[in-house]
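Structure first, then comments.
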Amino acid sequence: MKLMDEKSSDSMDDIFDRYLDADANIFANREVLSPHHVPEILPHRGEKFEELAKILAPSLKGGTPSNIFIYGSTGTGKTAVTKQVLSKLKATADSRNLSFEYSYMNCQHVDTKYRVLTQLCEDVGINVPFTGLHFDIIYQKFKDALDELHTLHVTVLDEVDMLYKKSTESLYILTRMNSDLDFSKISIIGITNDVNFKETLDPRIRSSLSEEEIVFSPYTAEQLRDILTQRAKVAFHKDVL
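Note that the UniProt record's numbering has the sequence shown beginning at 1, numbered continuously upward.
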């Protein structure tokens, strides 16, 4: 029995070395196979990239872009395109010494008006407790901080339908915030997988939130094949597949 245990121990000594060696022979970059991986260039979404960039571009000249409602089924690139466009916009603004800020929040987790404003405060450098302060105080803190920046702030509400289900008032407050700001402006991008969500909105919110709309259609079979082929070329060593 002891001999068998020793052999078993010996075979386990290099278990991770064997794993790493086998992995290295197959994968060139395993990370690109992760469902969370976002490539620098999203295949077959250049048109949507341009469409969103065109709406947001006025911010580089001191204008306030329209609020945008983005919808389409799961896995169509809505979030990835939005993040990439805003990242490019921020880089361009910084390179030209222009003031531009943005926040991204997933409303599955940030699902109350208190949490939304707390997140916004943190994103502009204001620390507030997650509980304890009255909402009006947090609202005023964010407003004052934003006005001090003299900036345009784009707030992205991903899965915005989740927020609306729990806190209808949150969207109304955000879409009306510009009337309280003196030296800054805020624009809202709402993203949802529910293509019928817009019809459930309070008419006051719908008219403000959906000033511009972008629809992401599902990928075709040919496009999906192309995407998988491109990822496979990066993920695996040549001739592995």
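Ideal Cβ placement from N, Cα and C applies to all residues, glycine included.
In this text the structure is predicted, and so the values were computed from the model without any measurement.
In the same chain as Glu213, and ignoring 5 residues on each side of it, the C-beta atoms closer than 6 angstroms to its own belong to Phe69, in chain order.
Annotated three-state conformation of Leu86 is helix, per DSSP. Within the region 128-175, the runs of alpha helix (DSSP H) at least 4 residues long that lie entirely inside it are, in chain order, 135-149, 160-166 and 168-175. Around the beta carbon of Ile186, 16 or more other beta carbons sit within 10 angstroms, so the residue counts as buried. Across the structure, Lys166 and Tyr172 are spaced so that their CA atoms are roughly 13 angstroms apart.
Per DSSP, Ser208 is one residue of the alpha helix (DSSP H) stretching across Pro203 to Leu209.
According to the DSSP assignment, Thr118 belongs to no beta strand (DSSP E) but to the alpha helix (DSSP H) extending over Lys113 to Asp123.
Asp158 is classed as buried because its beta carbon has at least 16 other beta carbons within 10 Å across all chains shown. The residues Val156, in chain order, have a CB closer than 6 angstroms to that of Tyr104 in the same chain once the five nearest residues on each side in sequence are set aside. 7 angstroms or more divides the Cβ of Ile189 from the Cβ of Leu174.
When DSSP states are grouped into helix, strand and coil, Ser179 belongs to the helix group. Each residue's CA atom was taken as its position, placing Asn106 and Val160 some 8 angstroms apart.
Glu50 and Thr220 have their alpha carbons spaced roughly 20 angstroms apart.
Thr151 is a Cβ neighbour of Ser99, given a cutoff of 7 angstroms. For Ile126, same chain residues with a beta-carbon under 8 angstroms away, outside a window of 5 residues either side, are Lys141, Phe142 and Ala145 in chain order.
The beta carbon of Gly72 lies closer than 8 angstroms to those of Lys78, Asn193, Val195, Val215, Phe216, Ser217 and Pro218 in the same chain, with the five residues before and after it left out. Rounded to the nearest whole angstrom, the CA to CA distance from Gly46 to Gln223 is 13 angstroms. Beta-bridge partners assigned by DSSP to Tyr102: Val154. Per DSSP, Ile126 is not a residue of any alpha helix (DSSP H), being assigned neither H nor E. When the Cα atoms are used, Val85 and Ile15 turn out to be separated by approximately 44 angstroms. Taking C-beta atoms under 8 angstroms as the contact rule, Arg231 and Val32 qualify, at a distance of about 5 angstroms. DSSP, reduced to helix, strand and coil, places Thr92 within a helical segment of the structure shown. Between Gln108 and Met162, the C-beta spacing is below 7 angstroms. If you look at Ile214, you'll find it in the beta strand (DSSP E) that goes Glu212 to Phe216. Of the other Cβ atoms in all chains shown, 16 or more fall within 10 Å of the Cβ of Asn67; this residue is therefore buried.
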